[in-house]
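Undergrad: Chains as they are written, first to last, in this note's numbering: chain L, 1 to 306; chain B, 307 to 558.
Don't be surprised by glycine CBs; every beta carbon is placed ideally from N, CA and C.
#1: Output the boundary residues of the beta strand (DSSP E) element that contains residue 17 of chain L.
#2: What does the Cβ neighbour count give for residue 525 of chain B, buried or exposed, with the cut at 16 atoms within 10 Å?
#3: In its own chain, which residues sit with a C-beta less than 7 Å from the C-beta of residue 337 of chain B, not counting the 5 before and 5 after it?
#4: Give me the subset of the segment 379 to 399 of chain B whose CB atoms are less than 7 Å from a CB atom of chain L, sorted by chain position.
#5: Would residue 238 of chain L pass as an interface residue toward chain B - the criterion being a Cβ-Cβ separation below 8 Å?
#6: Only counting the same chain, and skipping five residues up and downstream in sequence, which positions put a Cβ closer than 6 Å to that of residue 471 of chain B?
#7: Count the other CB atoms within 10 Å of the CB of residue 528 of chain B; is the residue buried (16 or more) or exposed (fewer)?
#8: Which residues in the same chain as residue 60 of chain L place their Cβ atom closer than 8 Å to its Cβ, once the five residues preceding and following it in sequence are excluded?
#9: Any chance the segment 272 to 290 of chain L sits against the segment 128 to 136 of chain L, with 3 or more Cβ pairs inside 8 Å?
#10: On the DSSP bridge list, what partners appear for residue 390 of chain B?
#11: From residue 522 of chain B to residue 533 of chain B, what does the alpha carbon distance come to, in whole angstroms?
#12: Give the residues from the segment 120 to 139 of chain L that approach chain B closer than 8 Å (Cβ to any Cβ), ordered along the chain.
#13: List the residues of chain L whose Cβ lies closer than 7 Å to the Cβ of residue 404 of chain B, in chain order.
#14: Quick one: is residue 6 of chain L near chain A, going by C-beta distance under 8 Å?
#15: Give the straight-line distance between the Cα atoms of residue 419 of chain B and residue 447 of chain B, rounded to the nearest whole angstrom.
#16: Cα separation between residue 91 of chain L and residue 234 of chain L?
#17: Go ahead and label residue 335 of chain B buried or exposed: buried means 16 or more other beta carbons lie within 10 angstroms of its beta carbon, across all protein chains shown.
#18: Sorted by chain position, which residues of the same chain lie with C-beta nearer than 6 Å to residue 310 of chain L's C-beta, five sequence neighbours on each side aside?
#19: For the segment 535 to 558 of chain B, list every residue whose C-beta sits within 7 Å of some C-beta in chain L, in sequence order.
#20: Please list, in chain order, the chain L residues whose beta carbon lies closer than 8 Å to that of residue 486 of chain B.
#21: Round the Cβ separation of residue 256 of chain L and residue 28 of chain L to the nearest angstrom and send it over; I've been treating them as touching at under 8 Å.
#22: In whole angstroms, give me the CA-to-CA distance for residue 108 of chain L and residue 301 of chain L.
#23: Shortest alpha-carbon distance to residue 236 of chain L belongs to which of B:386, B:531 and B:364?
#24: Let me know the secondary structure DSSP gives residue 351 of chain B once reduced to three states.
#25: Measuring alpha carbon to alpha carbon, tell me which of B:398, B:373, B:423 and B:330 ends up nearest residue 353 of chain B.
#26: Mapping the DSSP letters down to three states, classify residue 326 of chain B as helix, strand or coil.
#27: Should residue 46 of chain L be labelled buried (16 or more other beta-carbon atoms within 10 Å of its own) or exposed?
#28: If we call anything under 8 Å between Cβ atoms a contact, is residue 43 of chain L one with residue 25 of chain L?
#29: Would you please state the rounded distance, in angstroms, between the beta carbons of residue 299 of chain L and residue 547 of chain B? I believe it to be under 8 Å.
#30: List, in chain order, every chain L residue whose beta-carbon is nearer than 9 Å to that of residue 455 of chain B.
#31: Should residue 303 of chain L go down as buried or exposed, given a rule of 16 or more other Cβ atoms within 10 Å for buried?
#32: Between the alpha carbons of residue 212 of chain L and residue 82 of chain L, how many angstroms are there, rounded?
#33: Measure the C-alpha to C-alpha separation of residue 242 of chain L and residue 206 of chain L and round it to an integer number of angstroms.
#34: Start and end of the beta strand (DSSP E) containing residue 205 of chain L?
#35: Just checking: is the beta-carbon of residue 67 of chain L within a distance shorter than 8 Å of some beta-carbon in chain B?
#36: What does the alpha-carbon distance come out to for the pair residue 281 of chain L and residue 124 of chain L?
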C-alpha cells in the first residue's frame with residue numbers, strides 16, 4: 001500500500017515506513033538508544049528527500065522520548081538545573097544548526113553535509129559501541145579487571161561562572177554544559193537526531209554527572225531541543241511531513257514496547273555487538289555512496305522544493 | 307454578392323483546415339489522495355474531414371502532456387578530496403515538471419525542425435534554458451542530464467509509436483502520470499501533422515490537485531508554519547505518550 005506524503009510530494013510504501021519505524025523502535029527499546037541516527041539514513045535509502053528526512057526525524061525523536069522524560073520526572077531522576085543549562089545551550093545550537101542547514105540548502109550542498117555528518121558520527125558511535133561491547137564481553141569473562149575511575153576534575157570545570165548543581169552534586173562552570181548542549185542542538189538541526197549518543201557520554205565523562213540522573217536529564221534536554229528544532233524546521237523551510245511522521249511514530253512506539261520486553265529477557269551484551277555492526281553498516285553504505293564513482297554525475301534541485 | 311463572398315470565405319477556411327482534430331480525455335481531474343500510486347490517462351479523439359482524404363502524404367498525430375513548469379538547478383558532481391561533491395551548476399529558467407510526447411511514428415520522421423520550434427513539441431524545446439548561461443563549454447550536457455534523470459524517474463516520456471491511429475481517423479494513447487508528479491494544471495496538446503507541418507492543434511487541461519487532507523496539510527505548512535509545527539509536535543506527544551500509557555494500561 002502506497003502512502004502519498006504531501007510535503008515530500010512523493011509516495012512511499014506504508015509497510016516500509018511502519019517497518020523502518022518499528023525496526024528502529026525495537027532496537028531503541030532493546031538498547032535504550034533514541035534511534036534517530038538510524039531513522040534518518042534509512043529514510044534516505046527509501047527515497048525520502050534528505051531535508052524532509054532530517055526535519056521529520058527530529059519530530060519523531062519527540063514522540064520516542066516524551067514518555068521516557070515524563071517517567072523520569074515522576075521518579076525525580078532529572079537534574080532540572082543541569083537540564084536547563086544544557087537546554088539553553090541546545091536551543092542556541094539548534095538556531096546555529098538551522099541557519100547552517102538553510103544556508104547549505106541554498107548552496108545545493110545540504111545532501112552532502114547531511115551524509116558527511118552521518119558518516120563521521122555513525123563511524124564514531126559504531127566504532128565506540130563495538131569496542132565497548134567487546135570489552136564488556138571480555139570483562140564478563142574476567143571480573144577481576146580494573147574499573148575505570150569516574151568523575152575526574154579537569155581544567156574545563158574550573159572556568160568562570162561556576163554554578164551549583166545540587167542533584168548531580170557538582171560545582172562546575174556553566175561553560176562545559178552550555179557547550180555540550182550546543183553541540184547536541186547543532187546535531188539535532190543538521191542530522192535530525194536527538195543527540196543522546198553524544199550527550200550521555202559527555203555528561204558522564206566530561207561533566208562527571210552521576211549515572212542515576214544522566215538518562216533522565218539527557219532525555220529532558222533531547223525532548224525539548226527536538227521539539228524546538230521541529231518548530232524551527234517547520235517555520236524556516238517547511239520540511240516537516242506529518243504524514244511521514246505519523247507512520248514512523250506508530251511503528252516506533254509499538255516497536256519500542258516490544259523491544260523493551262525483549263531487552264529484559266535477553267542478554268544484551270552480544271546483541272549490542274550486532275547493533276554496533278548495524279550502525280557501521282549504515283555508515284559504510286553512506287560512505288560508499290560518497291566515495292564510489294556515481295553512475296549519474298548530475299543532480300537536479302528545484303528551488304523551493306526538496 | 308456579399309453572400310457569395312461570405313460563402314467563398316467559408317470555403318477557403320474549410321480548405322485551410324481540411325482536417326480538424328477533436329479529442330477527449332478519460333479524466334480531467336487527478337486527485338493526489340493518500341494512496342495515490344500514479345494515474346493512467348487515456349487521450350482519444352478523431353479527425354474531422356470535410357474533403358476527401360488527401361493523397362501522397364501520411365497523417366501523423368502527436369500527443370503531449372505537460373506539467374506546470376518550474377525553475378531548476380542542475381548540478382554536476384566532481385571528485386574533491388576523494389568524495390563526490392556538487393561543483394558546477396546551471397540554472398534552467400523553466401522546465402516542465404512532467405512532459406510526455408507520444409507519437410504515431412518516430413518524432414523526427416513526422417515533425418520538421420521549424421514546426422518543432424514554433425510549437426515547442428520535443429522535450430528539448432519544452433525546456434527553457436536561462437539566458438546568458440552559455441559561458442560554459444558544454445551547456446547542452448546539463449540540459450541533457452535533466453532530461454535523462456527525469457526520464458528515468460518517469461517524469462519525462464518520449465514514446466514514439468505509442469499513439470494508435472486507425473484508418474487515418476481515430477486515434478488514442480495512454481499517458482501514465484507517475485506517483486511523484488506535482489500538483490497544478492497540466493496541459494494536453496494534440497497535433498495533427500502532414501509533411502512535417504502542423505495542420506491542426508487542440509489543447510485541453512488536466513487538473514492535478516492534492517485531496518482534501520493533503521491540500522489542507524500543505525496549505526497549513528506553507529501559510530501557517532507555526533501552527534503546522536505545533537500540530538506536528540502535538541501528534542508526536544499524543545502518539546508517543548499515548549502509546550506508552552496504553553501499553554501500561556494493557557499490562558496492569
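TA: Taking the structure as given:
#1: Segment 14 to 31 is the alpha helix (DSSP H) holding residue 17 of chain L; no beta strand (DSSP E) there.
#2: In summary, residue 525 of chain B is exposed, with fewer than 16 beta-carbon neighbours lying within 10 Å of its beta-carbon over all protein chains present.
#3: Answer for residue 337 of chain B: 515 and 517, listed in chain order.
#4: Within the segment 379 to 399 of chain B, 379, 380, 381, 382, 383, 388, 389, 390, 391, 392 and 395 place their CB atoms closer than 7 Å to a CB of chain L, listed in sequence order.
#5: In terms of beta-carbon proximity, residue 238 of chain L lines the interface with chain B, with at least one pair separated by less than 8 Å.
#6: These residues qualify, in order along the chain: 367, 410 and 477.
#7: It is exposed - the Cβ of residue 528 of chain B has fewer than 16 other Cβ atoms within 10 Å.
#8: Taking C-beta separations shorter than 8 Å and ignoring five residues to either side along the sequence, the partners of residue 60 of chain L in its chain run 21, 36, 39, 245, 248, 249 and 252, following chain order.
#9: Output reads yes: the segment 128 to 136 of chain L touches the segment 272 to 290 of chain L.
#10: B:385, per the DSSP bridge assignment.
#11: If you take the alpha carbons of residue 522 of chain B and residue 533 of chain B, they lie about 12 Å apart.
#12: Residues of the segment 120 to 139 of chain L with a Cβ closer than 8 Å to any Cβ of chain B: none.
#13: Within 7 Å Cβ-Cβ: nothing; residue 404 of chain B doesn't reach chain L, min ~12 Å.
#14: Checking the listed chains, one finds no chain A in this structure; the protein chains it contains are L and B.
#15: Going by the C-alpha atoms only, they are around 21 Å apart.
#16: Near 15 Å, if we compare the C-alpha coordinates of residue 234 of chain L and residue 91 of chain L.
#17: So residue 335 of chain B counts as exposed.
#18: What the structure shows of chain L is the stretch from 1 to 306, and residue 310 of chain L is not part of that stretch, so it cannot be assessed.
#19: Result list: 535, 537, 538, 539, 541, 542, 543, 545, 546, 547, 549, 550 and 553.
#20: Simply 9, 10 and 11.
#21: Contact between residue 256 of chain L and residue 28 of chain L is confirmed by a C-beta separation of about 6 Å, below the 8 Å threshold.
#22: Pairing residue 108 of chain L with residue 301 of chain L, the inter-Cα distance amounts to about 7 Å.
#23: The shortest Cα separation from residue 236 of chain L among B:386, B:531 and B:364 belongs to B:531.
#24: Note: residue 351 of chain B maps to strand in three-state DSSP.
#25: That would be B:330, whose Cα lies nearest to the Cα of residue 353 of chain B.
#26: Annotated three-state conformation of residue 326 of chain B is strand, per DSSP.
#27: Counting Cβ neighbours within 10 Å, residue 46 of chain L comes out exposed, since fewer than 16 surround it.
#28: Cβ distance not < 8 Å, so residue 43 of chain L and residue 25 of chain L don't count as in contact.
#29: At roughly 40 Å, the Cβ-Cβ gap does not stay under 8 Å, so residue 299 of chain L and residue 547 of chain B are not in contact.
#30: Residues of chain L passing the Cβ test: 296, 298, 299 and 300.
#31: Residue environment for residue 303 of chain L: exposed (fewer than 16 other C-beta atoms within 10 angstroms of its C-beta).
#32: Looking at the backbone, the Cα of residue 212 of chain L and that of residue 82 of chain L are separated by about 14 Å.
#33: Their Cα atoms are separated by approximately 37 Å.
#34: Counting along the chain, residue 205 of chain L falls outside any beta strand (DSSP E), and DSSP gives it neither H nor E.
#35: Taking 8 Å as the threshold, the shortest C-beta distance from residue 67 of chain L to chain B falls below it.
#36: Rounded to whole angstroms, residue 281 of chain L and residue 124 of chain L show a C-alpha spacing of 12 Å.
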